[in-house]
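One structure below.
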Amino acid sequence: MACGREGYLLKRGPALQNIWSSKWCVLDESGFRYFANRESKRPEGELPVGPGSKVTAFTSPKAAGEALKLQKERPCGFTLDLSSAAARYHHICYFDAEKEGELKLWLEVLQGWIEAAAWQVGDVVSVTESCMSDSEVQVELAAGMNGILLKVDDQDDAFLEFSAHDARQWVFKKNRHKLKRLPDSEAKDVYLDIVPQNDLIMHWALRIVGQKISR
């Protein structure tokens, strides 16, 4: 997994106030969290940095939201666009690293984290928030349940095999923030096992298995 980072950043408050305040920010395997100060034990907020997130300096022409308006006042600022990761629209957070060197480090670490979080076929994924699947025949996906990623389509919808249900289920992009790729797990090879259902009418089914089966 990509290296984490911690340190103080200025974070802009809610849009109605737009007050900048210093926060102790931590990026590690638990996610991106910010605290009132370094000694605080409980985070004030957690941000779902992951696939689809974007981090951009205020000075970049690709910066999102109000960044272009803020770049003169805060040249070391950056946006963290979580719209895709959280399945929300215009979920953009504004930070100021205050120093050019700090800005460069935070941009590199966050970008590396986003790239490392990209899902690959065979990844083990865990449900972090209970929800219903998005397949035509829905099943409940309980928190803590693990599955293997079989496919991510062009719409960023995920198709997974959940052993607890012995079934393959879709989880659409809008709900993918309720799943988390397990960083310490190695991608698993995915094999298809052809299982005869009825020899008389030659009806066959496909089963996902974790290892290659010898015949």
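For reference, each letter of the sequence shown is one residue, going 1 to 215 in full-length UniProt numbering. The beta carbon of each residue, even a glycine, is placed where N, CA and C say it ideally should be.
Asked, Found
"Best match in Gly112, Thr128, Glu29 and Trp24 for proximity to glutamate 39 [C-alpha to C-alpha]", "Trp24"
"Segment contact flag, the stretch 146-156 with the stretch 90-101, C-beta cutoff 8 Å, min 3 pairs", "no"
"First through last residue of the alpha helix (DSSP H) which encompasses tryptophan 113", "100-116"
"Every unbroken beta strand (DSSP E) within the stretch 20-89, with a cutoff of 3 residues, ordered by chain", "20-28, 31-35, 45-47, 54-57 and 77-81"
"Buried versus exposed, by CB contacts within 10 Å (16 or more), proline 48", "buried"
"C-beta contact flag for leucine 179 and serine 126 at 8 Å", "yes"
"Range covered by the beta strand (DSSP E) that runs through serine 126", "124-127"
"Three CB pairs or more closer than 8 Å across the stretch 71-82 and the stretch 52-62", "yes"
"Closest Cα partner of glutamine 71 within the set Pro51, Tyr94 and Gly50", "Tyr94"
"Segment contact flag, the stretch 163-178 with the stretch 130-144, C-beta cutoff 8 Å, min 3 pairs", "yes"
"Spatial neighbours of serine 133 in its chain, beta-carbon cut-off 7 Å, leaving aside the 5 residues before and after", "Val139, Leu141, Gln169, Trp170 and Val171"
"Alanine 118, buried or exposed, once every other Cβ within 10 Å from all chains shown has been counted against 16", "exposed"
"Own chain, CB closer than 6 Å to glycine 7, minus 5 neighbours either side, in chain order", "none"
"Leucine 160 beta carbon less than 8 Å from that of valine 121", "no"
"Arginine 12 and tryptophan 106 closer than 8 Å at C-beta", "no"
"Residue environment, aspartate 28, which counts as buried when at least 16 other CB atoms sit within 10 Å", "exposed"
"Coil, strand or helix - asparagine 18 by DSSP", "coil"
"Assigned exposure category for leucine 68 - 16 Cβ within 10 Å defines buried", "exposed"
"Option in Leu10, Trp113 and Ile114 with minimal Cα separation from asparagine 37", "Leu10"
"Distance between beta carbons of phenylalanine 32 and glutamate 46, contact taken as under 8 Å", "7 Å"
"8 Å Cβ cutoff met for glycine 112 and aspartate 96", "no"
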